[in-house]
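First comes the structure, then the notes that go with it.
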Amino acid sequence: MALIINTNLGSINGQRNLNGSSQALSTAMTRLSSGVRVNNAKDDAAGLAIADRMTSQVRGMTVAVRNANDGISLTQTAEGALGSLTDTLQRMRDLAVQSSSNASVSASDRAKMDTEFKALNDELLRVIQNSEFNGKKILNGDLAGGLNIQVGATTDTNSRISVAVSNMGQLLAPVTKTTLSPASQAIDSTLAATIAANANEAASNADLRAAAEAAKLANAAIVAAKKAAESPTDMALAKSASAANAKAAAAIALSSGVTQLATVANKAKTLVSQAFTDTVAAGDAANQSTALSVSATDAVIQARGTTDTAQASSLMITANQLAEAAKTNINAASQNVYADMMNKLTGDAIDLPASAKNADGTLSVS
């Protein structure tokens, strides 16, 4: 027996072209949804490597900007604490100068000033001990050795800023007296150190702000370069994209036509199946109707036979009843005639009919 292989070259070519158009459409839709030209290595291996390297730089600069903002927050916290120390030391110096005058200050006044001085000193200690940022004591020696803040994506020295704050607790130790002679130098030296530390923190804050702005600008430049590397710039890529779009449109149209043909075929199949089902149902209904008609005819014949028998029986009963009634009527009439005749015979005179009488009223015998 011969083996026959059916081959439809037109269908095979159409399927191959449809697959190519579908792949081009998928690539175009992927680029459209992502907004970039290079989405995987097969699109552009070199471009993907460049884009990945730039992505690393962008992410590094983003973290550097966040680090700079954290450093700014640290210096702002230190500035606030140092400003509070400066104001308190200024008030303590005022009290020391005022208590040194014997002309206008009595012993009781000096005692009150000493009480306020000690309270201010306790406030200085409280501020120094409780000023912290992210678990680090800012003014109590944790930042005396300096704190490095990474503000760049590389590891060079220009990408780091060091922030250092002196141990203000050690500088505050000599400030214990309210008299001017022992306290003025200690207060002045502590105040000068506080002002210098505040100035250093302000400078560090400015450096961190500048570094954050520079990191933002560098990040924006890298992002722009990355987009430029990922976007199609040459005419060949533009033509390729246009051709892919045209093939995608043709594939969409072809797919739509195939879908419509399949839909029509499915509808025709459904209609044929429905027509066959309706035909079978109609045949069953006709057979059932015939059976019902035969049953109805038999029922009519049987009912008619039953009706005729019942009518015949009824007529026989009626005839018998009429016969009995006639017999009864005949008997009654005979009895009535007999009774009348007897009455007339036993009466004084018999009134005969005119036809039975003569002219003189006698009985006619002719």
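Here the sequence shown is numbered in my numbering, starting from 5 and rising by one per residue.
Even glycine gets a Cβ: it sits at the ideal position worked out from N, Cα and C.
Name, in chain order, the residues that DSSP records as bridge partners for residue 121.
None; residue 121 has no bridge partner.
Do residue 171 and residue 145 have their C-beta atoms closer together than 8 Å?
A contact, by the Cβ cut-off of 8 Å.
Go ahead and label residue 126 buried or exposed: buried means 16 or more other beta carbons lie within 10 angstroms of its beta carbon, across all protein chains shown.
Burial state of residue 126 is exposed, judged by a 10 Å Cβ sphere holding fewer than 16 other Cβ atoms.
Three or more C-beta pairs under 8 Å: does that hold for the region 65-80 against the region 194-210?
With the cut-off at 8 Å, the region 65-80 and the region 194-210 touch.
Would you list the one or two residues that DSSP bridges to residue 105?
The partner list for residue 105 (beta bridge, DSSP) is empty, contrary to what the question assumes.
In its own chain, which residues sit with a C-beta less than 7 Å from the C-beta of residue 102, not counting the 5 before and 5 after it?
Contacts found: 109 and 117.
Cβ neighbour criterion (16 or more within 10 Å) applied to residue 276
Residue placement at residue 276 is poorly supported in this model, since its pLDDT is 47, which falls under 50; the coordinates still yield a value, given next. Exposed is the call here.
According to DSSP, simplified to helix, strand and coil, what is residue 184?
Low confidence applies here, because residue 184 scores a pLDDT of 47, under 50, leaving its location unreliable and the question unanswered by this model.
Would you mind stating whether residue 90 and residue 226 have Cβ atoms separated by less than 8 Å?
Going by C-beta atoms, residue 90 is not nearer than 8 Å to residue 226.
Just how far apart, CA to CA, sit residue 229 and residue 165?
Each residue's Cα considered, the two are about 27 Å apart.
Could you pull the start and end residues of the alpha helix (DSSP H) that residue 142 belongs to?
Premise fails: residue 142 is in no alpha helix (DSSP H) and is neither H nor E.
Please report the straight-line C-alpha distance between residue 152 and residue 137, rounded to a whole angstrom.
Their Cα atoms are separated by approximately 14 Å.
May I ask you to report which of helix, strand or coil DSSP gives residue 166?
The answer is strand: DSSP assigns residue 166 an E or B state.
Among 33, 133 and 129, whose alpha-carbon lies nearest the alpha-carbon of residue 93?
Ranking 33, 133 and 129 by Cα distance to residue 93 puts 129 first.
Backbone secondary structure at residue 71 - three-state DSSP
Note: residue 71 maps to helix in three-state DSSP.
Would a C-beta distance cut-off of 8 Å place residue 155 and residue 68 closer than the cut-off?
Taking 8 Å as the cut-off, the Cβ atoms of residue 155 and residue 68 count as close.
Would you mind working out which of 194, 329 and 215 sits nearest residue 76, comparing C-alpha positions?
The shortest Cα separation from residue 76 among 194, 329 and 215 belongs to 215.
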